[in-house]
Structures are given as structure tokens and as C-alpha cells.
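Chains as they are written, first to last, in my numbering: chain A, 277 to 391; chain B, 69 to 181.
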């Protein structure tokens with residue numbers, strides 16, 4: 277079964293450093309997302325991406341964040357200058373509206389720890 | 069953001085019995101609802117969904133019920149199995165292509181052998 281894959285599984289970075297989280301969505305999907313889950317909190321929407329541009333972003337997704345689909349397969353989330361409060365599980369998801377319905381498929385997540 | 073709420077952080081049931089997980093929402097614009105299951109160190113896995121034009125959707129042991137007037141949905145698992153032990157997230161969206169999911173807090177289900 278096709279799946280969304282994310283790398284790395286765990287990233288430790290120093291505060292103020294840039295990080296890039298990588299995702300390979302399911303190949304025929306058209307919509308791509310990043311969500312995050314801070315420990316003990318809800319899964320929160322960050323950004324959606326369609327047709328090579330951001331289609332929607334949340335208030336969390338400020339100027340420190342950016343997304344890119346550089347080569348037609350990878351989908352990346354960059355955090356320019358990490359803060360302690362960016363520590364969370366980051367989930368990539370992709371979506372293709374199908375006959376069965378409207379579900380997004382999630383990757384296994386990248387645990388980002390900012391120290 | 070309290071648009072989707074799961075009031076029970078945990079639920080414990082015996083193997084073979086029914087598990088009922090509940091979810092409430094406040095945003096009337098939501099018209100598509102999903103349940104995801106999540107094991108530790110994994111991403112959410114899609115389980116079952118329901119459109120607002122239905123009040124019930126069934127897939128094997130899993131049934132989702134939607135009460136639009138009460139803005140309430142529930143997931144029934146019967147019979148429950150130990151492998152069902154996981155965190156269950158309710159999520160809602162507007163059924164336009166590509167719209168975001170809004171998640172509840174999750175309910176930890178433990179099925180005891």
C-alpha cells in the first residue's frame with residue numbers, strides 16, 4: 277500500500293538553527309500538508325500546499341516557516357530559526373479525493389527537539 | 069481552538085465488548101468527519117469517515133454515527149480487540165478539496181484481554 281514517508285524520524289537542533297523536515301507524499305496525490313503535535317496537545321494544522329503554492333496556512337505558520345516542493349516528489353518544511361516551543365512531532369500528509377471519500381494519509385512523523 | 073472536542077481522555081473496555089468513543093463539534097461549516105487511530109511513534113492512520121449527508125457509516129467492526137442536530141459523532145468498535153488499543157482522534161473538515169482537518173484532543177482506548 278502506498279505511504280507517506282518522512283525523514284528524519286528524529287531531529288535534535290540548537291535553538292536558532294535552521295531545520296528542514298522532509299516528506300515524500302503518495303505519488304498521485306495533489307494536496308500536501310504539514311501538521312504538528314506538541315506533546316500533550318492536539319494535532320494542529322500548519323499549512324496546505326496545492327499546485328505549487330500555499331493554499332492555506334494557520335496562524336502558527338509565521339515567517340519562520342516555509343514549504344517547498346523542489347523536485348516534484350519531495351515536500352519540505354523549513355523552520356528558519358528554531359525556538360524551544362517548536363519542539364513537537366511534525367506530520368506530513370497528502371490527499372487525493374477518491375471514490376471512497378476524502379481522507380488524508382499521514383506519514384510517521386518527525387520528532388523535532390529544540391535544545 | 070475548541071471546534072472539535074473529545075471529552076474523554078481515556079476509555080478502558082474488556083476484549084469482546086463494545087467501545088464507544090465520542091466527539092462533539094461546534095463549527096456548522098464542518099460537513100465531513102473522520103476518525104484516525106494513532107499508535108505511539110507513528111502517524112495517524114485513517115479509520116473511517118462520514119459525510120454530513122449520512123447518519124451512519126459502517127466498515128467491518130467499526131461504525132461511525134453522526135447526529136447533526138446535536139453536532140455529535142461517535143465511533144463504535146465491536147467486538148473490541150486488544151490490538152485496538154491506541155489513541156483515537158476525531159477530525160472534521162469542510163468537504164471542499166484540500167481543506168484542512170481540525171482534530172479533537174484524542175481518546176486513549178485500552179482493550180483489556
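In this text, a Cβ means the ideal position worked out from N, Cα and C, and glycines have one as well.
Residue burial annotation: residue 282 of chain A is buried, with at least 16 other C-beta atoms found within 10 angstroms of its C-beta. A distance below 7 Å between beta-carbons, with the five flanking residues on each side excluded, links residue 290 of chain A to the following residues of its chain, in chain order: 391.
Sequence-distant partners of residue 303 of chain A (beyond 5 residues in either direction) whose C-beta falls short of 8 Å from its own C-beta, in its chain, are 278, 349. In this structure residue 288 of chain A is exposed. Its beta-carbon is surrounded by fewer than 16 other beta-carbon atoms within 10 angstroms.
The CB of residue 98 of chain B never comes closer than 8 Å to any CB in chain A; the least such distance is about 12 Å.
In the assembly as shown, residue 330 of chain A is an exposed residue. Its beta-carbon has fewer than 16 other beta-carbons within 10 Å. Ranking A:285, A:307, A:300, A:293 by CA distance to the CA of residue 169 of chain B puts A:307 first.
Cβ contact annotation for residue 317 of chain A (same chain, cutoff 7 Å, sequence separation greater than five): none.
When DSSP states are grouped into helix, strand and coil, residue 360 of chain A belongs to the helix group. Here residue 152 of chain B carries a helix assignment [DSSP, helix/strand/coil].
Residue 164 of chain B and residue 372 of chain A have their C-alpha atoms some 12 Å from each other. Among the residues of chain A, none has a CB under 8 Å from the CB of residue 162 of chain B; the nearest is roughly 10 Å distant. In this structure the segment 119 to 128 of chain B does not lie against the segment 71 to 85 of chain B, because fewer than three pairs of beta carbons, one per stretch, are closer than 8 Å.
The beta carbon of residue 172 of chain B sits closer than 8 Å to the beta carbons of 72, 73, 74, 91, 157, 158, 159 from its chain, once the five residues preceding and following it are set aside; these are given in chain order.
Take residue 176 of chain B, set aside five residues on each side of it, and the residues of its chain with a beta-carbon closer than 6 Å to its own are 78, 155, in chain order. Taking each of A:382, A:381, A:353, A:328 in turn and checking the Cα distance to residue 337 of chain A, the smallest one comes out for A:353.
Shown here for residue 366 of chain A: same chain residues with a beta carbon closer than 7 Å to its own, the five before and five after excluded, namely 297, 310, 312, 353, 385, 386, 388 in chain order.
When rounded, the separation of the alpha-carbon atoms in residue 327 of chain A and residue 179 of chain B is 43 Å.
In the DSSP assignment, residue 94 of chain B falls outside any beta strand (DSSP E) and carries neither an H nor an E. Membership of residue 280 of chain A in any beta strand (DSSP E) is not indicated, and neither H nor E is assigned to it by DSSP.
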